[in-house]
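All residue numbers for the sequence shown refer to my numbering, where the first residue is 3 and numbers rise by one.
Each residue gets a CB set at the ideal place from its N, CA and C atoms; glycine is no exception.
As the structure is a prediction and not an experimental result, all values here were calculated from the model.
Below is one structure, written out as structure tokens; comments come after it.
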Amino acid sequence: MAWEEEASAGALAQRFGEDTFDLAVILGSGWGALADQAESAVYVDYREIPGFSHVRIEGHAGRLVAGRFQGWKVLFFQGRYHLYQGFDARQVALPVRLAAALGCRRLLLTNAVGGINPAFQVGDFMYLEDHLNLLGDNPLRGEPLHPFIDLCGLYRQDLYPPLREQMQEKGISLHRGVLAAMPGPSYETPAEIRMLQRFGADVVSMSTVPEAIMGRYLGMEVIGLSLIANLAAGLSPGPLSHDEVLRAGSDGAGRLLDLGHRLMTLWQRS
Numbered sequence: 003m004a005w006e007e008e009a010s011a012g013a014l015a016q017r018f019g020e021d022t023f024d025l026a027v028i029l030g031s032g033w034g035a036l037a038d039q040a041e042s043a044v045y046v047d048y049r050e051i052p053g054f055s056h057v058r059i060e061g062h063a064g065r066l067v068a069g070r071f072q073g074w075k076v077l078f079f080q081g082r083y084h085l086y087q088g089f090d091a092r093q094v095a096l097p098v099r100l101a102a103a104l105g106c107r108r109l110l111l112t113n114a115v116g117g118i119n120p121a122f123q124v125g126d127f128m129y130l131e132d133h134l135n136l137l138g139d140n141p142l143r144g145e146p147l148h149p150f151i152d153l154c155g156l157y158r159q160d161l162y163p164p165l166r167e168q169m170q171e172k173g174i175s176l177h178r179g180v181l182a183a184m185p186g187p188s189y190e191t192p193a194e195i196r197m198l199q200r201f202g203a204d205v206v207s208m209s210t211v212p213e214a215i216m217g218r219y220l221g222m223e224v225i226g227l228s229l230i231a232n233l234a235a236g237l238s239p240g241p242l243s244h245d246e247v248l249r250a251g252s253d254g255a256g257r258l259l260d261l262g263h264r265l266m267t268l269w270q271r272s
């Protein structure tokens, strides 16, 4: 265990006790309401955790919420780090390293993305099948112990068919596809989106991939869920904005919570 997560885990053990946790959830833009479902919740501002920095992005509360969710002990990271804030990929993945140090063997990564696949509409959801790491960095860079991990099957897939069937019954579209991670913070150009289409990307984001790779390295089960918050550059009728992303999360809050609850139920039974 590196000193960063060791110091963080030690500090949190004083708040949470010696119990371990089952699941960690990294909450992307628009997904913060999931943490409001936690029972017996304990709230810790990121600034109170050694090694953590304050999150200065609208829609990211910048706090850790520990509690029970459908019978599991869950850590909700209400706010994530991004490379465009000046962090490297290993720093971005610190919440995952901390979660593993606190016993989590399952990791749910959520995000808001731009839709590239023409079959995807704003407000739809996507279950991550694979990713394209175009960030120019990897959280295992400099890792001295066995960094050459296999990423085949990184994202768990067997829960997708039953989850999709349940969401269809509710009239909610859940697709499966490939996420392209770009460094940001500017949105992509239309030419870059055409490139990503040719590469096989279905959506584009500025997050998630470093956390997923670190989760795999630490032996965690990883599932990723995306909210299609807007159409990507050149596909959208108007200019892209972060406000649009936040509105999509607010408008889809009920469907988002339904999706989260149903996934957790399936995951528990598997």
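- Item | Beta-carbon proximity list for TYR45, same chain, < 6 Å, skipping 5 on both sides | ARG65 and VAL67
- Between the C-alpha atoms of ASP126 and GLU194, what's the straight-line distance to the nearest angstrom? 22 Å
- Message: Measuring alpha carbon to alpha carbon, tell me which residue in VAL124, GLY34 and PHE23 is nearest LEU77.
- Response: PHE23
- Can you list, in chain order, the residues of its chain whose CB lies under 7 Å from that of SER42, leaving out five sequence neighbours each side? GLY69 and ARG70
- Task: Look at the Cβ atom of GLY276, then the Cβ atom of THR267, and state whether they are nearer than 9 Å.
- Result: Lying outside 3 to 272, the shown extent of the chain, residue 276 is not represented and no answer is given.
- Message: Closer than 8 Å is the cut-off here; do at least three beta carbon pairs connect the segment 178-189 with the segment 96-112?
- Response: no
- Task: Can you have a look at HIS56 and say buried or exposed, based on whether 16 or more other CB atoms are within 10 angstroms of its CB?
- Result: exposed
- Of the listed residues LEU96, PRO149, GLU223 and GLN199, nearest to LEU156 (C-alpha basis): GLU223
- Query: Going by other Cβ atoms of all chains shown within 10 Å of its Cβ, with 16 needed for buried, is LEU165 buried or exposed?
  - Reply: buried
- Are the segment 195-207 and the segment 78-87 touching by the rule of at least three beta carbon pairs closer than 8 Å? no
- Query: Along the chain, which unbroken stretches of the alpha helix (DSSP H) at least 4 residues long are found entirely within the segment 49-105?
  - Reply: 91-94 and 96-103
- Message: Going by C-alpha to C-alpha distance, which of SER228, ASP21 and ARG218 sits closest to SER209?
- Response: SER228
- Task: Inspect the beta-carbon positions of ASP139 and PRO212 and report whether they are closer than 9 Å.
- Result: yes
- Name the DSSP bridge partner or partners of GLY226? LEU111
- Item | N-terminal and C-terminal residue of the alpha helix (DSSP H) that ILE174 is part of | It is not in any alpha helix (DSSP H) - ILE174 carries neither H nor E in the DSSP assignment.
- Item | Per-residue burial, LYS172 [other beta carbons within 10 Å of its own, 16 or more giving buried] | exposed
- Inter-residue Cα distance where the pair is LEU147 and MET216: 13 Å
- Query: By DSSP, does ILE195 sit in helix, in strand, or in coil?
  - Reply: helix
- Item | Same chain only: Cβ atoms within 7 Å of TYR162, ignoring 5 sequence neighbours per side | TYR129 and ARG178
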